[in-house]
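Residue numbers (my numbering), protein chains in the order written: chain A, 745 to 1100; chain B, 1429 to 1611.
Quick reminder that beta carbons are idealized off the backbone N, C-alpha and C, glycines included.
Please read these numbers as outputs of a predicted model, since none were measured by experiment.
Please read the structure below before turning to the comments.
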């Protein structure tokens, strides 16, 4: 299929439709409004349902309802709205319901700013809601990757019976780039028919119930199962780009839009003869721990964490894997200011000069 | 080679549509392209800005600190973004609205009375196309002017002949000014 020039939010929305998503509920917030705007037109065209809920809380619970029926369902928001959806996301996880949740993130904390920022790493990876559950967190860095990950997200969600989270920033939401869209999948409840509540006239089976509430002994078993699932993700589902790290003395770590800017700087510095590479987590959870363990710490002089937020949030996860074997530096921008090529190059250069 | 174009003005002047047209025409001509609008709470009358990149290779960073080309449509944004044009860059500006003197000597400045010319054509909205015409005539490496014209035709295929003719005329008027600055 030919490549088309699309806006980030719209590309993600179209990829969801092509993955068979037929239900969206959400509430407006910048910079993700183009997702609901697009789907309000697109979903009815394919027999799907679009609802602008009365609030974020209502919207995420509508997604819960749709998911119980084995319908591929999604919601989207930005930081402040994701906070409001937190309770619902926790209940989705508790009830073991698949869904796609998209955060097109902006500045924080609080109302922050409507400008792009990567301010929700901690929220996405550590606590999307109460209760200690986890979700897979995908962080694309191009629109093509955003499309591909959105398309796959529903499969992962149904495989694991767990919500999947797509974290992109306002920059990727607003940018237009060339994308190749995947083929249109017919909606199917094949993966969920063992448990979904859809009525099948041809099937004689007892009535079913789904619940997010468990008796104590079952709750402990459920949580053990979850723990196993998260470990399995770490073994089998990590997505990462390792760029020129084999002989690297300086290792940049960045995801999403920050990784675009950082990669440009890494390429420039390589051309200038510096032994520099980059680790780009694509799944922020499960975090690509192994990439850090394969570094040659006899050579590594510095790890440089670059994020479009201040202070850096991924740093803790990096530090857990680096285990003091190399110093960690951070560089970021905040308050509606974007990272840019020259500024990022200069920041890396400053570290190189500092550590020698 | 990666080409970077900054377009700035006020909301309603066609800043973002000019950027999208440029990016689309680059894509249509087989190049890689990215278009990044800088959004704010403003609507009509507020400031509008976007960055367009075109390249024969895949675009890695879409966030250059400075751009090689700048289409500036009003005085307010001229004062605000002056440092974002690279040394040796090209400034195409709406000389009806940008009233500050051009003091930089390390750039090529192309004054285009785009408001006046668009009014003479009978549609003030054509000012952005006039400015693009001037830039592309001066620097064909961004997008070949022929390709741009073709994409413009396709974009407005459903509109009246009158509008399509207006676009073509506007593009040519700008091109006539820009070609004197061609490399």
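Can you give, in chain order, each stretch of the beta strand (DSSP E) that sits fully within the segment 1475-1556 of chain B and has at least 3 residues?
Whole beta strand (DSSP E) segments, 3+ residues: 1475-1483, 1495-1500, 1513-1522, 1536-1540.
Chain B partners of residue 1082 of chain A, CB-CB under 8 Å?
Neighbours of residue 1082 of chain A on chain B, chain order: 1491.
Let me know the secondary structure DSSP gives residue 1464 of chain B once reduced to three states.
It is a strand residue.
Can you look up residue 1577 of chain B in the DSSP assignment and give me helix, strand or coil?
Helix.
Pairing CB atoms from the segment 878-888 of chain A with CB atoms from the segment 1086-1100 of chain A, are three or more of them under 8 Å?
The segment 878-888 of chain A is not in contact with the segment 1086-1100 of chain A.
If the criterion is Cβ atoms closer than 8 Å, does the pair residue 996 of chain A and residue 962 of chain A meet it?
No, they are not a contact pair.
Mind pulling the chain B residues with CB within less than 7 Å of residue 856 of chain A?
Near residue 856 of chain A there are no residues of chain B at all, since even the closest Cβ is about 13 Å away, more than 7 Å.
Tell me residue 1431 of chain B's beta-bridge partners as DSSP assigns them.
According to DSSP, residue 1431 of chain B bridges with B:1482.
In three-state terms, what does DSSP make of residue 812 of chain A?
Residue 812 of chain A: helix per DSSP, three-state reduction.
Residue 825 of chain A and residue 771 of chain A: beta carbons closer than 8 Å?
Cβ distance < 8 Å, so residue 825 of chain A and residue 771 of chain A count as in contact.
Based on Cα-Cα distance, which residue from A:1060, A:865, A:937, A:1017 lies nearest to residue 992 of chain A?
Taking only the C-alpha atoms, the option nearest residue 992 of chain A is A:1017.
Looking only at its own chain, which residues have a Cβ that is under 7 Å from the Cβ of residue 1057 of chain A, when we skip the five neighbours before and after it?
Correct list, in chain order: 865, 866, 1051.
So, using beta-carbon positions, are residue 1598 of chain B and residue 1554 of chain B closer together than 8 Å?
Yes. Within cutoff.
Mind checking whether residue 1430 of chain B and residue 1499 of chain B have CB atoms under 8 Å apart?
It is not a contact, given that the beta carbons lie outside the stated cut-off.
Inspect the beta-carbon positions of residue 1558 of chain B and residue 1602 of chain B and report whether they are closer than 8 Å.
Yes, they are a contact pair.
Let me check one thing: in DSSP terms, what residues is residue 751 of chain A bridge-paired to?
Partner(s): A:920.
Please check if any C-beta of chain B sits within less than 8 Å of the C-beta of residue 1086 of chain A.
Taking Cβ atoms only, chain B reaches closer than 8 Å to residue 1086 of chain A, which makes this a yes.
Does the beta carbon of residue 1011 of chain A sit closer than 8 Å to a beta carbon anywhere in chain B?
Residue 1011 of chain A counts as touching chain B.
So if I threshold CB-CB distances at 9 Å, which residues from the segment 982-1012 of chain A count as touching chain B?
Against chain B - using a Cβ distance shorter than 9 Å - the residues of the segment 982-1012 of chain A are 1001, 1004, 1005, 1006, 1007, 1008, 1009, 1011.
Is there a C-beta anywhere in chain A that falls below 8 Å from the one on residue 1450 of chain B?
For residue 1450 of chain B, the answer is no, since every Cβ of chain A falls outside 8 Å of its Cβ.
Roughly how many angstroms separate the alpha carbons of residue 879 of chain A and residue 988 of chain A, rounded to a whole number?
If I take the Cα positions, the gap works out to 29 Å.
Given 8 Å as the limit, is there contact between the segment 781-796 of chain A and the segment 849-856 of chain A, that is, 3 or more CB pairs closer than that?
Cβ pair count under 8 Å is below three, so no.
Go to residue 847 of chain A, then tell me how far its beta strand (DSSP E) extends in each direction, as first and last residue.
844-851 is the span of the beta strand (DSSP E), which, as asked, contains residue 847 of chain A.
Mind checking which residues open and close the beta strand (DSSP E) that includes residue 1076 of chain A?
It spans 1072-1076 - the beta strand (DSSP E) in which residue 1076 of chain A sits, taken as one unbroken run.
Take every Cβ of the segment 1487-1497 of chain B, pair it with every Cβ of the segment 1001-1009 of chain A, and state whether three or more of those distances are shorter than 8 Å.
The segment 1487-1497 of chain B, when compared against the segment 1001-1009 of chain A, does touch it at the 8 Å Cβ threshold.
Keeping to the same chain, check which residues put their C-beta closer than 6 Å to that of residue 1544 of chain B; ignore five residues upstream and five downstream.
For residue 1544 of chain B, where only same-chain residues beyond five positions count, the Cβ hits under 6 Å are 1524.
Under a three-way DSSP split, which group does residue 913 of chain A fall into?
DSSP places residue 913 of chain A in strand when its eight states are reduced to three.
For chain B, check one thing: does any of its Cβ atoms lie closer than 8 Å to the Cβ of residue 919 of chain A?
Chain B contact via Cβ: present.
Please confirm whether residue 922 of chain A has its beta-carbon closer than 8 Å to some beta-carbon of chain B.
Closer than 8 Å: yes.
Can you tell me whether residue 770 of chain A is helix, strand or coil according to DSSP?
In this structure, residue 770 of chain A counts as strand in the three-state DSSP scheme.
My output table needs one value for residue 759 of chain A: the three-state DSSP class, helix, strand or coil.
Correct three-state label for residue 759 of chain A: helix.
Output, in sequence order along the chain, the residues in the segment 768-783 of chain A whose CB is closer than 9 Å to any CB in chain B.
Here the close residues are 774, 775.
In this structure, how does DSSP classify residue 796 of chain A when only helix, strand and coil are distinguished?
Here residue 796 of chain A sits in strand by DSSP.
Measure the alpha-carbon distance for residue 1536 of chain B versus residue 1514 of chain B and round it to whole angstroms.
When rounded, the distance between both Cα atoms is 11 Å.
Is DSSP giving residue 987 of chain A helix, strand or coil here?
Residue 987 of chain A falls in the strand class under three-state DSSP.
Does the beta-carbon of residue 1064 of chain A have 16 or more other beta-carbons within 10 angstroms, so that it is buried, or is it exposed?
Residue 1064 of chain A is exposed by the Cβ-count criterion.
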